[in-house]
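Q: One structure is given below, represented as structure tokens, and several questions about it will come after.
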Amino acid sequence: MKGSTTRYTVPLSSRRPPGARLLEAFSPKLSRRVRLFDQASFNLWISLEADAKVVALCERPTSFAGDTGRLIDFWVRRDDGEELLLLERSDTPDPAPQRHDGLAVRLVTAADLAAQSTWIDNWHRMLTAIVATRGLLPKSLKDAVLRRVREPVALSLVEHELSTGDPSLVRGAIFDLLRTGQLCAPTLQCQPLTLHTLLEPAP
Numbered sequence: 647m648k649g650s651t652t653r654y655t656v657p658l659s660s661r662r663p664p665g666a667r668l669l670e671a672f673s674p675k676l677s678r679r680v681r682l683f684d685q686a687s688f689n690l691w692i693s694l695e696a697d698a699k700v701v702a703l704c705e706r707p708t709s710f711a712g713d714t715g716r717l718i719d720f721w722v723r724r725d726d727g728e729e730l731l732l733l734e735r736s737d738t739p740d741p742a743p744q745r746h747d748g749l750a751v752r753l754v755t756a757a758d759l760a761a762q763s764t765w766i767d768n769w770h771r772m773l774t775a776i777v778a779t780r781g782l783l784p785k786s787l788k789d790a791v792l793r794r795v796r797e798p799v800a801l802s803l804v805e806h807e808l809s810t811g812d813p814s815l816v817r818g819a820i821f822d823l824l825r826t827g828q829l830c831a832p833t834l835q836c837q838p839l840t841l842h843t844l845l846e847p848a849p
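Residues are numbered in this note's numbering as their position in the sequence shown, beginning at 1, plus a constant of 646.
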């Protein structure tokens, strides 16, 4: 699937529902801002943005035909295929359509997001650092991080050893290498991010 044409690149034009929140963020994967209208959509976007296996995505890519015309929440492409994601809400059709536009539709439940709550909270913090340092990270700094992390090592130690000026640049480089799958930190799935979080080489 690598090199496949991106099926959806911009969201359908839609107004914010009455009373809904407006949540905006910059997407490193899309190199543009995303606008989301509830916390569940925002949390799902974070989990997709942080998943190194997700190579492309789009919020509100299309809608179901018919009377409801409900917007689909995300289109996602991985190396092994594409799918459409539909968040479970009180107005979700029951049962949800299983396919649309030739793609499988997967229902994402509140329980699915709750199971990822620690991961999502960690990446909410980490994406902020990634966005703040984008465009400022020389390749040499990322290479230095990769050379240092040849075995499990604490985040604080890497930051201390490689920070020659602004420590936020080293942290941004580390987090971006995690985002792109060049490093891993398995404990982020179940434990809060701290200076003691262990960084490991990618499998």
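Glycine included, C-beta positions come from ideal geometry on N, C-alpha and C.
Does the separation of the CB atoms of serine 660 and arginine 706 fall below 9 Å?
A: Within the sequence shown, numbered from 1, the residue matching residue 660 stands at position 14. Within the sequence shown, numbered from 1, the residue matching residue 706 stands at position 60. In contact: serine 660 and arginine 706 (Cβ atoms closer than 9 Å).
Q: State the DSSP-derived secondary structure class of glycine 818, mapped to helix, strand or coil.
A: Residue mapping note: residue 818 aligns to position 172 of the sequence shown, counting from 1. Helix, per DSSP.
Q: Nearest CA to the CA of arginine 681: which residue from Glu670, Trp691, Leu690 and Ala666?
A: Counting from one through the sequence shown, the residue named residue 681 turns up at place 35. Closest option to arginine 681, Cα to Cα, is Glu670.
Q: How about alanine 698 and valine 722: do their beta carbons lie closer than 9 Å?
A: Looking up residue 698 in the sequence shown gives position 52. Looking up residue 722 in the sequence shown gives position 76. No, the Cβ-Cβ distance between alanine 698 and valine 722 is not below 9 Å.
Q: Could you tell me the boundaries of the alpha helix (DSSP H) in which arginine 855 lies?
A: The displayed coordinates of the chain run from 647 to 849. Any statement about residue 855 would go beyond what the structure contains.
Q: Rounded to the nearest angstrom, what separates threonine 755 and arginine 735 at their Cα positions?
A: Taking the first residue of the sequence shown as 1, we reach residue 755 at position 109. Taking the first residue of the sequence shown as 1, we reach residue 735 at position 89. In a straight line, the C-alpha of threonine 755 is about 8 Å away from that of arginine 735.
Q: Is it buried or exposed, alanine 819, if we count other Cβ atoms within 10 angstroms and call 16 or more buried?
A: Looking up residue 819 in the sequence shown gives position 173. By the neighbour-count rule (16 or more Cβ atoms within 10 Å), alanine 819 is buried.
Q: Give me the residue from Asp684, Leu658, Tyr654 and Met772 with the minimum Cα distance to leucine 839.
A: Position 193 of the sequence shown, counting from 1, holds the residue named residue 839. When each option's Cα is compared against that of leucine 839, the closest is Met772.
Q: Below 7 Å CB to CB, which residues in the same chain sit around proline 743 once its five sequence neighbours on both sides are set aside?
A: Residue numbering aside, residue 743 sits at position 97 when the sequence shown is read from its first letter. Phe710 and Val751.
Q: Compare the beta carbon distance of arginine 780 and leucine 801 with 9 Å and say whether it is the shorter of the two.
A: Taking the sequence shown and counting its residues from 1, the one referred to as residue 780 is at position 134. Taking the sequence shown and counting its residues from 1, the one referred to as residue 801 is at position 155. For arginine 780 and leucine 801, no; Cβs fall outside 9 Å.
Q: So what's phenylalanine 700 in DSSP terms, helix, strand or just coil?
A: Residue numbering aside, residue 700 sits at position 54 when the sequence shown is read from its first letter. Residue identity check: residue 700 is valine in the sequence provided, not phenylalanine. Residue state, collapsed to three classes: strand.
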